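Numbering (my numbering), first residue to last: 17 to 635.
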């Protein structure tokens, strides 16, 4: 309306002298048309401001970008997400992007992964970073958004609720003791305050995303119009009266999920050392204020003034922000009201206009990163560990089968490779697994009996598999990570035990492996004379001390004729040639171990019983 009035007023003054001479119909029509045109040209942009697009020249210089790279985070945040974001930030810099948009549609995720992503954003070679909440950025997603230079949202955006929680792999969501919660909260407070000082967010309000007991009121400076959130002690110092807490003064930002037993809404103590350093917005953070201040980048000075009695009369009360009963969530107009949102962006076209860009390129998570993230799922890892154990034991009890060994190697790679790619597994993990396998193999194939090497091998194997769930060194692990690994490996071991029982019970019907099984008298008889010769009878059982000869080369597994039967055997030491005299060292239901009898090859010696016409020695 202001532009319309300014257009009409000079025009009426200019028309007055001419109107005294002649006012014809044509002049009236022309004047009306000029008035309408002026209103359309100058008045409509103001009247229809919601659909008005600013010209590219109005884009701030710090935001202007020709090439924009969009990094999408649309799932739970894990270590693999952090690795992927790091790669995509480097790819954006390599392609010459002038701006990077972190598009967020995430429920949050692992604290360590979130902090890693924030560090990569702070250190990015492309400083023009913008978070696009489209449509939700809960928990760790909110912390990542705060790390960016600007935040844009869509109309249905929601952001916040970054209070740390404990999730047990078996029991699900668990209550977290407040003392343990505060240990995790401390690095998050350091991150959000660091981001607030870098980006200009309210230093007290950002603490309400990640901590309990943050009760705040908003005030406005009477001269500059600047707004800040202050706690109860600061409010009373500035206004001389306690802050309003009556029912009519309900907070504008409702807690996402009220926490029972949360810290009471009592005034936060002054910051350590006074002055304009870090001020904890919650009483629960008072004890760690000094450590938090030391952890924040010293080059980042706080923009927050010191609120005390000397500032009385300089501030106006605006409203009650949050009651501190739970972490806050921003939605709707609250983004702009508290200075977090720069614009509403609904689609890529509006995102392009926001930057005044010519190209927008989306960088998605690669297929290999997605596969690694899938393989890191605790259920998938449990299944892979069970397959690995079944295949490993099958190969050791049936040497030379090859296929079970190949499956075991593949399963081990799928177990170990993804955590190592994401930096979650250290060298000791793989070393422990390989050493455990080696000791178990030596115990089964070389050393008679089952003693110290076998037990030590099982312990190393179990510990190495658990270690794949622990990031870094064993001392860096949390109790939840260790428990998660132990429970998963134990369940996988039990599952493997049942699978092995079923497998060996039905071994004669399993393809490939049925060629390596001993056949007893209880099996159905065959008309084939070769199979009949191989079938042991009750009066021809193989016992230690029996002698015979190798019917096939033993490398180390093969077949030998002991007495009147041909059986599957394993050489105790090294390889034996076909026809070598052998003596049974040990025999059980699953395996017969033989050793050279010291008589030399007997390829020309007549067999003591029927022999097959193919592989055995000539009769």
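Ideal placement from N, C-alpha and C gives every residue a C-beta, glycine not left out.
The structure presented is a predicted model; accordingly, all values stated were derived computationally and were not measured.
Between the stretch 148-165 and the stretch 113-121, the count of Cβ pairs shorter than 8 Å is three or higher; the stretches touch. Per the Cβ contact rule, the stretch 165-175 is in contact with the stretch 350-361 (3 or more Cβ pairs under 8 Å). Counting along the chain, residue 308 sits inside the alpha helix (DSSP H) bounded by residues 305-311. Around the Cβ of residue 381, a 10 Å sphere holds 16 or more other Cβ atoms; the residue is buried. Looking only at 609, 110, 594 and 593, the smallest Cα-Cα distance to residue 600 is reached by 609.
Here the stretch 452-466 makes no contact with the stretch 509-520; the two share fewer than three CB pairs at distances below 8 Å. With respect to the C-alpha of residue 140, the residue from 472, 106 and 375 having the closest C-alpha is 106. As for any beta strand (DSSP E) of minimum length 3 sitting wholly inside the stretch 320-363, the runs are 331-339 and 345-347, ordered along the chain. Beta-bridge annotation (DSSP): residue 128 is not paired with any residue.
In the three-state reduction of the DSSP assignment, residue 470 falls in the helix class. Boundaries of the beta strand (DSSP E) harbouring residue 574: 573-578, taken from the DSSP string. Looking at the DSSP output, residue 154 sits in a beta bridge with 176.
Going by beta carbons, residue 395 and residue 427 fall outside the 8 Å limit. If you check the CB distance, residue 379 and residue 153 do not come in under 8 Å.
598 is the residue among 581, 579 and 598 whose C-alpha sits nearest the C-alpha of residue 570. Cβ-Cβ separation between residue 323 and residue 231: approximately 15 Å, too far for a contact (criterion under 8 Å). Rounded to whole angstroms, the Cβ separation of residue 446 and residue 432 is 6 Å, and the two are in contact under 8 Å. For a cut-off of 8 Å, the C-beta gap from residue 371 to residue 79 is around 6 Å, short enough to register as a contact.
For residue 396, the three-state secondary structure derived from DSSP is helix. In the structure shown, residue 435 falls within a helical segment according to DSSP collapsed to helix, strand and coil.
Within the model, the alpha-carbon separation for residue 267 versus residue 383 is close to 45 Å.
In the DSSP assignment, residue 106 falls within the alpha helix (DSSP H) that extends over 95-110. Rounded to the nearest angstrom, the Cβ distance from residue 201 to residue 222 is 13 Å, too far for a contact under 8 Å. Selection 149, 320, 397 and 422 evaluated against residue 504 yields 397 as nearest (Cα-Cα). For residue 87, the number of other beta carbons within 10 angstroms of its own is at least 16, and it is reported as buried. Between residue 174 and the set 388, 513 and 345, the nearest pair of CA atoms involves 345. Remark: C-beta atoms of residue 483 and residue 444 approach each other more closely than 8 Å.
In terms of Cβ geometry, residue 178 and residue 226 form a close pair [threshold 8 Å]. If you draw a 10 Å sphere on the C-beta of residue 74, you find fewer than 16 other C-beta atoms in it, and that means exposed.
Judged by pairs of C-beta atoms under 8 Å, the stretch 316-331 touches the stretch 233-245, as three or more such pairs exist. In the structure shown, the three-state DSSP call for residue 246 is strand.
With 16 or more other CB atoms across the displayed protein chains lying within 10 angstroms of its CB, residue 244 is buried. When the five nearest sequence neighbours on each side are left out, the beta carbons in the same chain lying within less than 8 Å of the beta carbon of residue 97 are those of 89, 91, 125, 129, 133, 381 and 389, in order along the chain.
The alpha-carbon of residue 143 is positioned some 42 Å away from that of residue 261. Between the C-alpha atoms of residue 258 and residue 233 there is a straight-line separation of about 11 Å.
For residue 83, DSSP records a beta bridge to 375.
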